[in-house]
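Here is the structure we will look at, set down as structure tokens.
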Amino acid sequence: MMCVKLWLVVMFSFVQAGCGGSCPALECWLLRDKPGEVLKHERSLIHVITPGSSPAEEQQAEPSSFSSSSSVESPEKVYYVTDGSASLCHSSLHPPRGSLIKPQCELHPFFPHPADVKWATALTDNALSPAHLQADWLSAAILGVNGELVLSTVMQAATASSLSNGIVEMKLVLSVLSRTALVRSRLGEPVLLDCGFWVDPSSPLSASGFAVEWRYQFRGAGRLVLAYDGKADRLADGPQEGATLDFADLHATGNASLALQEAQAHHSGTYICTVYMPYLVAQVSLELEVVEPPSLSISPSPLPLAVSGQVLRVQCEASGFVPLPLELSWEFRRADGAVEALGEGSLSGHREAWDGTYIQSSRLALDTSTLGGGGELVCVAHHDGGTRRSRVALDVIGFSTPTIEDSMAMVGVALVLYGIIKLAFWKIAGSDEVSPKEKDQ
Ligand SMILES: *[C@@H]1O[C@H](CO)[C@@H](O)[C@H](O)[C@H]1NC(C)=O
Numbered sequence: 011m012m013c014v015k016l017w018l019v020v021m022f023s024f025v026q027a028g029c030g031g032s033c034p035a036l037e038c039w040l041l042r043d044k045p046g047e048v049l050k051h052e053r054s055l056i057h058v059i060t061p062g063s064s065p066a067e068e069q070q071a072e073p074s075s076f077s078s079s080s081s082v083e084s085p086e087k088v089y090y091v092t093d094g095s096a097s098l099c100h101s102s103l104h105p106p107r108g109s110l111i112k113p114q115c116e117l118h119p120f121f122p123h124p125a126d127v128k129w130a131t132a133l134t135d136n137a138l139s140p141a142h143l144q145a146d147w148l149s150a151a152i153l154g155v156n157g158e159l160v161l162s163t164v165m166q167a168a169t170a171s172s173l174s175n176g177i178v179e180m181k182l183v184l185s186v187l188s189r190t191a192l193v194r195s196r197l198g199e200p201v202l203l204d205c206g207f208w209v210d211p212s213s214p215l216s217a218s219g220f221a222v223e224w225r226y227q228f229r230g231a232g233r234l235v236l237a238y239d240g241k242a243d244r245l246a247d248g249p250q251e252g253a254t255l256d257f258a259d260l261h262a263t264g265n266a267s268l269a270l271q272e273a274q275a276h277h278s279g280t281y282i283c284t285v286y287m288p289y290l291v292a293q294v295s296l297e298l299e300v301v302e303p304p305s306l307s308i309s310p311s312p313l314p315l316a317v318s319g320q321v322l323r324v325q326c327e328a329s330g331f332v333p334l335p336l337e338l339s340w341e342f343r344r345a346d347g348a349v350e351a352l353g354e355g356s357l358s359g360h361r362e363a364w365d366g367t368y369i370q371s372s373r374l375a376l377d378t379s380t381l382g383g384g385g386e387l388v389c390v391a392h393h394d395g396g397t398r399r400s401r402v403a404l405d406v407i408g409f410s411t412p413t414i415e416d417s418m419a420m421v422g423v424a425l426v427l428y429g430i431i432k433l434a435f436w437k438i439a440g441s442d443e444v445s446p447k448e449k450d451q
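Anchor point for the sequence shown: position 438 equals 448 in our numbering, and the numbering is continuous, going up by one each time.
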């Protein structure tokens, strides 16, 4: 059915692609920045043609096709894109019908140009730009739902492409994608930042080499992590800090994933995977979040025996966590299991440790008069990486309904006090020669 439609719309050009499979159309915005004009947003629709797929797949894909479900009323531009990489048919770009979250897709005019980074200059050694670049080019930046895909593609318009009524036939030439737009890692774990690229094997560019670059960006500052000249098979000088690529896999399958030996706090940030082909470039960016919940320690530990009514000063220190913020609070768990919230105490500011993790503490002045015979004092930390609790036993003596142990302890204390008073009295009596009787007179 889709086939027939395609044949009718673009009658002459699909012989090569055959009548392959298709997936639902993709809604995009074409952003055009003409000098002296405001940025123009044009509604566009991309129909994907995957040359290799079978008619059976095509039928499965058909029901949610644009003709019935698309919210793009009268798109200004319609593209028929032959996608040999099948990345435009990824499920995260085609959420179920009626889904509120939509993939995002932006198209920009693209102008082939030699790369200006030194690990990619060899790709365009002969200065003349080849004739096959003479065409209209577009780049697409696409974000799938749930962060399952970030995709950046470069497409070339087929010659004699501009058909009437805004329909253009294009071919995907370079596609760079990552299946992990957001990566979370615990401290010290190995991290894999997924990135892969695909080049149309029928393009003359495919045999001319490539270069891969990974950059890191955090709060406006950026640095190179790793750069690889695939043509010369050479890694650019620079800091790699335990970051590696699998070069065999890179050449064989375009797997440009960056492996970090172990995640450290200062690894959190944005990573940009850029792939250079001669005159073409595409990049995707990923976020790495290194998340580590705190370790807690309460001091003093163990707590001293408290007399009811005494104010006990306790501190809970949370350390080794990343990132900020952290919520610290206190709880008291009675012997019968009832839990009472004691608030957050007085929080310190955070300090940064040598490894980039944070330290923060809370002090609590605990009025023991309401705590019965004691129980457990709990320090609670709520953090992005999880909730942590640390407990310490608290015994309170001298409150209204004492336990047998408390009574015995109180009797003990009373006896000791009695002894001290008695001793003091004897001392006073012994050192004072004047008897009470004489004093009275
Ligand atoms: C890419 O290579 C990494 C190892 O560097 C591997 O763990 C990963 O599974 C590979 N990805 C694909 C899609 O093959």
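Just so you know, even glycine gets a beta-carbon here, dropped at the ideal spot from N, CA and C.
Where residue i falls: helix, strand or coil (DSSP)
i	result
I430	helix
D239	strand
H51	strand
C99	helix
T280	strand
F121	coil
K112	coil
H104	coil
G157	helix
L143	helix
L133	helix
W436	helix
D346	coil
V291	strand
L322	strand
L260	helix
S216	helix
L313	coil
G384	strand
V58	strand
6 Å CB neighbourhood of residue i in its chain, flanking five on each side removed
i	result
W208	S95, S185 and G264
Q250	L236
D259	N265
S64	Any reading at S64 is ruled out, since the residue's pLDDT is 45, under 50, leaving its predicted position unreliable.
L374	V324, W340 and G355
G508	No answer is possible for residue 508: it lies beyond the span of the chain, which begins at 11 and ends at 451.
G198	E272
M180	Y89, V91, M165 and A167
L192	G157 and E297
S149	H118, F120 and V164
Close-in-space but distant-in-sequence residues of the same chain around residue i (CB under 7 Å, 5 per side omitted)
i	result
G396	P303
A66	In this predicted model, A66 has a pLDDT of only 38, less than 50, meaning its place in the structure is not dependable enough to derive any value.
Cα-Cα separation between residue i and residue j, rounded to whole angstroms
i	j	result
Q274	T280	14 Å
I282	A316	57 Å
E341	C326	12 Å
P335	T134	48 Å
W436	I430	10 Å
G240	P122	19 Å
A231	V300	18 Å
R189	T284	15 Å
V452	A132	The question about residue 452 has no answer here: the residues shown for the chain are numbered 11 through 451.
G359	Y289	51 Å
C115	V58	14 Å
V222	G157	22 Å
G319	Q370	29 Å
V349	P312	20 Å
G248	E362	27 Å
P61	L298	35 Å
G330	H393	12 Å
Given residue i as reference, the closest of the options once Cα atoms are compared
i	options	result
L268	A237, M287 and Y289	A237
R225	H277, I177, H261 and P113	H277
P200	G252, E272 and L245	E272
G408	L425, V402 and S379	S379
S109	G154, R361 and F120	G154
A262	S216, L296, Q293 and F228	S216
R398	F120, V178, P105 and S307	S307
Q293	R361, A403 and L161	L161
D365	L387, G347, C389 and V332	V332
F120	P140, Q144, L187 and L322	Q144
L352	E37, C389, H142 and E297	C389
L387	L322, S329, V193 and S54	L322
D243	V193, L255 and S54	L255
L182	S213, C205 and G206	S213
Y286	A150, W39 and W129	W129
A253	V406, H51, L202 and L148	L202
D93	A419, E37, D210 and L427	D210
R227	R53, L338 and S295	Note that residue 227 is Gln in the sequence shown, not Arg. For the residues R53, L338 and S295, the minimum Cα distance to Q227 belongs to S295.
Close beta carbons around residue i, own chain, < 8 Å, minus the five adjacent residues each side
i	result
A345	G382, G383, G384 and G385
P310	V324
P105	I111, K112, P113 and V155
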